[in-house]
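Okay, so the sequence shown: first residue is 17 according to my numbering, each after it adds one.
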Amino acid sequence: NRQRRTADTALVTFGDSITDGSNTQVDADHRWPDLLAARLRADRRLAGTGVLNAGIGGNRLLRDPNPPAGSPAESYAAYFGESGLKRFDRDVLGQPGARTVVVLLGVNDLGHPGTTAPASEEVSASELIAGYRQLIRRAHAKGLTALGATILPFEGDTLGFYTPEREAVRQAVNQWIRTGGAYDGVVDFDAAVRDPGHPGRLLAAYNSGDGLHPNDAGMAAMAQAFPLHLLKG
Numbered sequence: 017n018r019q020r021r022t023a024d025t026a027l028v029t030f031g032d033s034i035t036d037g038s039n040t041q042v043d044a045d046h047r048w049p050d051l052l053a054a055r056l057r058a059d060r061r062l063a064g065t066g067v068l069n070a071g072i073g074g075n076r077l078l079r080d081p082n083p084p085a086g087s088p089a090e091s092y093a094a095y096f097g098e099s100g101l102k103r104f105d106r107d108v109l110g111q112p113g114a115r116t117v118v119v120l121l122g123v124n125d126l127g128h129p130g131t132t133a134p135a136s137e138e139v140s141a142s143e144l145i146a147g148y149r150q151l152i153r154r155a156h157a158k159g160l161t162a163l164g165a166t167i168l169p170f171e172g173d174t175l176g177f178y179t180p181e182r183e184a185v186r187q188a189v190n191q192w193i194r195t196g197g198a199y200d201g202v203v204d205f206d207a208a209v210r211d212p213g214h215p216g217r218l219l220a221a222y223n224s225g226d227g228l229h230p231n232d233a234g235m236a237a238m239a240q241a242f243p244l245h246l247l248k249g
């Protein structure tokens, strides 16, 4: 019975709280990586591919936690983990059987400056793209396939992330992910969960309430949007 075997290979989902499952039903395994794993188990050609969730709430691609002195974030920012660039070797390349990584990081790089990080850490599209390129090179050097996931919309969020300038960066980054050709494949989560009538926002049916994190239905939409052919070689 193949479903009872240990997975032969693994897909690593490398991300932040959206991958970690913030604001989904507790202990229900309704995170998008859980639901994607169920799709893989149901596919005869992919039943031997496991999913390793390497999502950490609050994680940034480029920088470690750096809460402003005296801010409330000093009490919890350490839980955000070291930057994606720093933890990539341990959390992705060092995982047994890892063959593919999908990168969904960047929203906290956009949203944290001025709240849980200094305003001076505001990022540009070129800085984020340089970070992604570094991850891609490192993945390829170890023989892994690197997939890029577009950053989800967050206009109207309750956390202080959104500004028109940050939305412009998000759009530029997503355009590069979709068309830049650096990744081996694209997972367009932005298209899967945005409001068609207001693309800067999550669709109301997928909004957990804070305008940033998808709810269980949004997680299901993300899992369904993952192109399985990218894993079939």
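Heads up, the beta-carbon is just placed ideally off N, CA and C, and yes, glycines get one too.
| Extent of the continuous alpha helix (DSSP H) run through Asn124 | On the sequence shown, residue 124 is found 108 positions in, with the first residue counted as 1. For Asn124, the enclosing alpha helix (DSSP H) covers residues 123-127.
| query | To which residues of the same chain is Gly97 closer than 7 Å at the C-beta, ignoring the five residues directly before and after it? | reply | Reading the sequence shown from its first residue, position 81 is the one you call residue 97. Setting aside the 5 residues that flank it on each side, Gly97 is surrounded in the same chain by Ile72, Asn75, Arg103, each with a C-beta closer than 7 Å to its C-beta; the list follows chain order.
| message | In the DSSP output, which residue or residues are listed as bridge partners for Val119? | response | Locating residue 119 in the sequence shown gives position 103, where the first residue counts as 1. BP columns for Val119 point to Phe30, Gly164.
| task | Indicate whether Leu168 and Arg115 have their beta-carbon atoms separated by less than 9 Å. | result | Here residue 168 corresponds to residue number 152 of the sequence shown, with the count starting at 1. Here residue 115 corresponds to residue number 99 of the sequence shown, with the count starting at 1. Using a Cβ distance threshold of 9 Å, Leu168 and Arg115 do not count as a contacting pair.
| message | So, at 6 Å on beta carbons, what are the nonlocal neighbours of Ala89 in its own chain, with the 5 sequence-adjacent residues on each side left out? | response | Translated into the one-based positions of the sequence shown, residue 89 becomes position 73. Same-chain partners within the cutoff: Pro83, Thr132.
| task | List the residues that DSSP assigns as beta-bridge partners of Asp24. | result | The residue labelled residue 24 in the question sits at position 8 within the sequence shown. None, per the DSSP bridge assignment.
| said: For Gly127 and Tyr178, I'd like the C-alpha separation in whole angstroms. | reply: For the purposes of this step, residue 127 is identified with residue 111 of the sequence shown, where counting begins at 1. For the purposes of this step, residue 178 is identified with residue 162 of the sequence shown, where counting begins at 1. Using only the alpha carbons, I get a separation of about 7 Å.
| request: For His214, write down the residues that DSSP places opposite it in a beta bridge. | output: The sequence position of residue 214 within the sequence shown is 198, counting from 1. Asp211, per the DSSP bridge assignment.
| request: Going by DSSP, name the residue or residues bridged to Val67. | output: Within the sequence shown, numbered from 1, the residue matching residue 67 stands at position 51. Paired residue(s): Leu27.
| Is Asn190 helix, strand or coil by DSSP? | Position 174 of the sequence shown holds residue 190. Three-state result, Asn190: helix.
| query | Alpha carbon to alpha carbon, how far is Ala236 from Glu137? | reply | For the purposes of this step, residue 236 is taken as the residue at position 220 of the sequence shown. For the purposes of this step, residue 137 is taken as the residue at position 121 of the sequence shown. The straight-line gap from Cα to Cα measures roughly 33 Å.
| field | Touch test, the region 183-196 against the region 220-234, Cβ-Cβ under 8 Å, three pairs minimum | value | No, they do not touch.
| said: Between the alpha carbons of Arg55 and Thr29, how many angstroms are there, rounded? | reply: Translated into positions along the sequence shown, residue 55 becomes position 39. Translated into positions along the sequence shown, residue 29 becomes position 13. Answer to the nearest angstrom: the Cα atoms are 15 Å apart.
| message | If you follow the alpha helix (DSSP H) that Gly100 is in, where does it begin and where does it stop? | response | For the purposes of this step, residue 100 is taken as the residue at position 84 of the sequence shown. Its alpha helix (DSSP H) spans residues 100-104.
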